[in-house]
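Asks: Before I ask anything, here is the structure I am working with.
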Amino acid sequence: MPQVAVQDLSKTYRVAERRRGLMGAARGLLSRTHRHIEALKGVSFSLDRGELVGMIGPNGAGKSTLIKILCGILEPSSGHCEIDGCVPWNERIRHVARIGVVFGQRTQLWWDLPVIDSFELLRDIYRVPEMRFRPAAEALISLLRIEPLLHQPVRQLSLGQRMRCDIAAAMLHSPSILFLDEPTIGLDANSKLALRDFIKSLNRDKGVTVILATHDMQDIEALAERVLIMGHGRILRDGPIAAMRAETSGERRLVVDFSKDIGEIALEGATILSRTGRRIEFAFDPRVTAAHTLISRLTADHGIEDLSIGEPTIEELIATFYTSHGAVEA
Amino acid sequence: MFDTLVRPYLAIFAARFLTLLQYRAAAFAGIVTQFWFGAIMVMALSAFYADGRGSPSISLAEAITYIWLGQAFLGLLPWNVDPEIALMMRTGNVAYERLRPVDTYFYWFARALAWRAAVTLLRSIPILIVTSAVFAFVGLGAWSLRPPSSSESLALFVLSMTAVVHLSAAMTTLLNISVVWTISGQGINVITNSLVLILSGMVIPLPLFPEWAQPVLFVQPLAGLVDIPYRIYFANLSGREALGGIALQICWTMVFIVLGHLLMAHTMRRIQIQGG
Numbered sequence: 001m002p003q004v005a006v007q008d009l010s011k012t013y014r015v016a017e018r019r020r021g022l023m024g025a026a027r028g029l030l031s032r033t034h035r036h037i038e039a040l041k042g043v044s045f046s047l048d049r050g051e052l053v054g055m056i057g058p059n060g061a062g063k064s065t066l067i068k069i070l071c072g073i074l075e076p077s078s079g080h081c082e083i084d085g086c087v088p089w090n091e092r093i094r095h096v097a098r099i100g101v102v103f104g105q106r107t108q109l110w111w112d113l114p115v116i117d118s119f120e121l122l123r124d125i126y127r128v129p130e131m132r133f134r135p136a137a138e139a140l141i142s143l144l145r146i147e148p149l150l151h152q153p154v155r156q157l158s159l160g161q162r163m164r165c166d167i168a169a170a171m172l173h174s175p176s177i178l179f180l181d182e183p184t185i186g187l188d189a190n191s192k193l194a195l196r197d198f199i200k201s202l203n204r205d206k207g208v209t210v211i212l213a214t215h216d217m218q219d220i221e222a223l224a225e226r227v228l229i230m231g232h233g234r235i236l237r238d239g240p241i242a243a244m245r246a247e248t249s250g251e252r253r254l255v256v257d258f259s260k261d262i263g264e265i266a267l268e269g270a271t272i273l274s275r276t277g278r279r280i281e282f283a284f285d286p287r288v289t290a291a292h293t294l295i296s297r298l299t300a301d302h303g304i305e306d307l308s309i310g311e312p313t314i315e316e317l318i319a320t321f322y323t324s325h326g327a328v329e330a
Numbered sequence: 001m002f003d004t005l006v007r008p009y010l011a012i013f014a015a016r017f018l019t020l021l022q023y024r025a026a027a028f029a030g031i032v033t034q035f036w037f038g039a040i041m042v043m044a045l046s047a048f049y050a051d052g053r054g055s056p057s058i059s060l061a062e063a064i065t066y067i068w069l070g071q072a073f074l075g076l077l078p079w080n081v082d083p084e085i086a087l088m089m090r091t092g093n094v095a096y097e098r099l100r101p102v103d104t105y106f107y108w109f110a111r112a113l114a115w116r117a118a119v120t121l122l123r124s125i126p127i128l129i130v131t132s133a134v135f136a137f138v139g140l141g142a143w144s145l146r147p148p149s150s151s152e153s154l155a156l157f158v159l160s161m162t163a164v165v166h167l168s169a170a171m172t173t174l175l176n177i178s179v180v181w182t183i184s185g186q187g188i189n190v191i192t193n194s195l196v197l198i199l200s201g202m203v204i205p206l207p208l209f210p211e212w213a214q215p216v217l218f219v220q221p222l223a224g225l226v227d228i229p230y231r232i233y234f235a236n237l238s239g240r241e242a243l244g245g246i247a248l249q250i251c252w253t254m255v256f257i258v259l260g261h262l263l264m265a266h267t268m269r270r271i272q273i274q275g276g
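As structure tokens, this is what we get:
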């Protein structure tokens, strides 16, 4: 039986609209017009225990709404969802005791308290017995290397330090499922890597189910075997990232540095993507034109300093995917 | 049992209480303000008593005691929204409040209790000491806070003040929940501010209001914040009357808790946590 079962979940927000200008504001006092925004339109999927699934999608695709519903803090307009045999929004207290949540843009630590005090407060709020809390906290503290930070007030921490503490805070009560909403936002490269390692080990060694919503494709590539791509409140795609890569493109990139400035250039079998100075980036389909054919065509006419062949980056892949599915907001 | 019903709420109470006790500079500023206002009100009352005709229902000494008690325990008045909760609403951090495995109403109630109690504790003790002991010592005996009428009055007063803290926390929590609807909390502060100050007896002791208004003033909930405990202190209310007053405080506290709990449930079903 899956740990998370979501069926046909929809959520419509009712938003009051403001009219323009002074007259508009005055009229707004008497009658308000409302607009309905469909944030989710029939989302279904299921997750097995121990899965690590990535969730991506442009802004406004419905990722955060979905996560809030799964966490039990938002009630959907229709549809059904069960996590570990619990309907999140109906049995909120029972449900939230068993999940961990990190919103990358917010902190769940108490701003004025030293980190360790926040941890102890969470221990009491989640009613974790001391004999279970101590080993769990010690393991998290050493894995995330936050020992030196424990006695500093949260407001004095850097973003990277704070995020490590926040993740530890979300895991103190040993939840079996962890929701991460943009956990690496604003972090430097090293902090990102450290965080990814930690998430991976939680999933692999402790069997924690992880749902990771992000805009960072490297997060997805490093962590998620399975990806949900969302757009316009729907799941556009659910599957392994590799399969999508294979399907969206066999396309390759050819980057060439010419030895001297060249004017207009046309290369049969390839299209120009960009040019900066003497560097030109071509796109081509190896199933139509082989790479060596292109290269010999180029070297026949021009002097070449350097060249490289690669795949499109995952960002480009996703951008293409969004555009082709009309997922990006107008 | 302890774990389910008490531990989380006690923890948040203790954390907030101890954090707030650190704000000594704010407390000091508050104390200075309270002395200033108290002194003006005492002078004004003395003038009224000197020139007034008719016989007031409480003596000047009692009225002065009433004023100083009011200044000492001013922090207990539920006149504003908790700025922490107002900020949480604006930033959307209220989402984390809902992620805790606790009853959000009592979670916030514990927070409000800690807030009102900590702020008051810091300010009341110096004011009580100075207005009672120091005033008499430096020759301001006529303007000083008098001791309670009897040990029985003192015991009943302590009981009644305990009720005040809870009543105030219940009202504060209700204000805090209402911020969900108004987002800023500023408007609520302006309205409740004057209402609470006047109807509790903080501006003019309630016994000095006209005779015909007394029954209504006594049963309305805000009297339970100031008027009832202070009149118990100097035995203007004693025996069965005092117990009746305390019962009234407890009843109003229950009413506000039930009301707040219902409103919280209703509000949280409708809340839309946006952004992020």
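Heads up: the protein sequence lines correspond to chains P and L, in order.
Residues in the first sequence are numbered from 1 upward in steps of one, following this note's numbering.
Residues in the second sequence are numbered from 1 upward in steps of one, following this note's numbering.
Note that CB positions come from ideal geometry on N, CA and C, so glycine has one too.
(1) Within a Cβ cutoff of 7 Å, which residues of the same chain sit near P/D261, ignoring the five residues on either side of it in sequence?
(2) Under 8 Å Cβ to Cβ from L/F13, same chain only, skipping five residues before and after it: list those, please.
(3) Could you give the DSSP three-state label for L/Q249: helix, strand or coil?
(4) Counting contacts by CB-CB distance shorter than 7 Å, is P/L121 in contact with chain L?
(5) Note down the Cα distance separating P/E331 from P/A319, rounded to an integer number of angstroms.
(6) I need the DSSP call for P/Y13, collapsed to helix, strand or coil.
(7) What span of residues does the alpha helix (DSSP H) with P/A270 cover, start to end?
(8) Excluding five sequence neighbours on each side, which residues of the same chain lie with their C-beta closer than 7 Å to the C-beta of P/R196?
(9) Quick one: which unbroken beta strand (DSSP E) runs of 3-plus residues sit fully inside the stretch 190-229 of chain P? Chain order, please.
(10) If you measure beta-carbon to beta-carbon, which residues of the stretch 18-29 of chain L are closer than 7 Å to chain P?
(11) Roughly how many whole angstroms lie between the Cα atoms of L/V158 and P/I116?
(12) I'd like the span of the beta strand (DSSP E) that includes P/H232, first residue to last.
(13) On the DSSP letters alone, give me the boundaries of the beta strand (DSSP E) that P/M55 sits inside.
(14) If we cut at 7 Å on Cβ distances, does L/G276 have a partner in chain P?
(15) Tell me the residue span of the beta strand (DSSP E) that contains L/R90.
(16) Rounded to a whole number of angstroms, what is the C-alpha to C-alpha distance between L/G275 and P/D181?
(17) So the beta strand (DSSP E) L/L5 belongs to, where does it begin and stop?
(18) Roughly how many angstroms lie between the CA atoms of P/V128 and P/S176, to the nearest whole one?
(19) Should the stretch 207-221 of chain L be regarded as contacting the stretch 119-135 of chain L, the criterion being three or more beta carbon pairs within less than 8 Å?
(20) Hey, is the stretch 199-219 of chain P in contact with the stretch 64-79 of chain P, meaning 3+ C-beta pairs nearer than 8 Å?
(21) Using DSSP bridges, identify the partner residues of P/V6.
(22) Quick check on DSSP: helix, strand or coil for L/G276?
(23) Under 7 Å, do L/T253 and L/I177 count as touching if we go by C-beta distance?
(24) CB-CB under 7 Å to P/P63, same chain, minus the five flanking residues each way: which ones, in chain order?
(25) Along the stretch 186-214 of chain P, what residues have a CB closer than 9 Å to any CB found in chain L?
(26) In whole angstroms, give me the CA-to-CA distance for L/A25 and L/V119.
(27) Is it right to say P/E315 is buried, meaning 16 or more other beta carbons lie within 10 angstroms of its own, or is it exposed?
(28) Can you list, in chain order, the residues of its chain with a C-beta nearer than 8 Å to that of P/A330? Leave out the 5 residues immediately preceding and following it.
(29) Can you tell me which of P/Q3, P/R92, P/F133 and P/N203 puts its alpha carbon nearest to the alpha carbon of P/D84?
(30) Using 10 angstroms around the beta-carbon of P/F258, count the other beta-carbons present and answer buried if the total reaches 16, otherwise exposed.
(31) Under the three-state reduction of DSSP, which class applies to P/H151: helix, strand or coil?
(32) Does the Cβ-Cβ distance between P/L121 and L/A15 come in under 7 Å?
Replies: According to the structure shown:
(1) R278
(2) A110, R111, L113 and A114
(3) helix
(4) yes
(5) Given that chain P is displayed from residue 1 to residue 330, the structure contains no residue 331 of chain P and the question cannot be resolved.
(6) strand
(7) Element bounds for P/A270: not the alpha helix (DSSP H) but the beta strand (DSSP E), A270 to T276.
(8) D219, A222 and L223
(9) 209-213
(10) T19
(11) 36 Å
(12) Neither: P/H232 is in no beta strand (DSSP E) and is coded neither H nor E.
(13) L52 to I56
(14) Note that L/G276 scores a pLDDT of 38, beneath 50, so its modelled location is shaky; the value from the coordinates is reported in the next line. Yes, L/G276 counts as interfacial toward chain P.
(15) Counting along the chain, L/R90 falls outside any beta strand (DSSP E), though it belongs to the alpha helix (DSSP H) covering P83 to T91.
(16) Residue placement at L/G275 is flagged as unreliable, the pLDDT there being 43, under the threshold of 50; a coordinate-derived value is accordingly withheld.
(17) Not the beta strand (DSSP E): L/L5 falls in the alpha helix (DSSP H), residues F2 to L5.
(18) 15 Å
(19) no
(20) yes
(21) P/F45 and P/C81
(22) Low confidence applies here, because L/G276 scores a pLDDT of 38, under 50, leaving its location unreliable and the question unanswered by this model.
(23) no
(24) Per the sequence shown, the amino acid found at residue 63 of chain P is Lys instead of Pro. Within the same chain, P/K63 has close Cβ partners M55, G57, A213 and M230.
(25) none
(26) 12 Å
(27) exposed
(28) Low confidence applies to P/A330: its pLDDT is 49, below 50, so where it sits in the model is not reliable, and the reading given next is rough at best. Once the five neighbours on either side are set aside, P/A330 has no close Cβ partner at all.
(29) P/Q3
(30) buried
(31) coil
(32) yes
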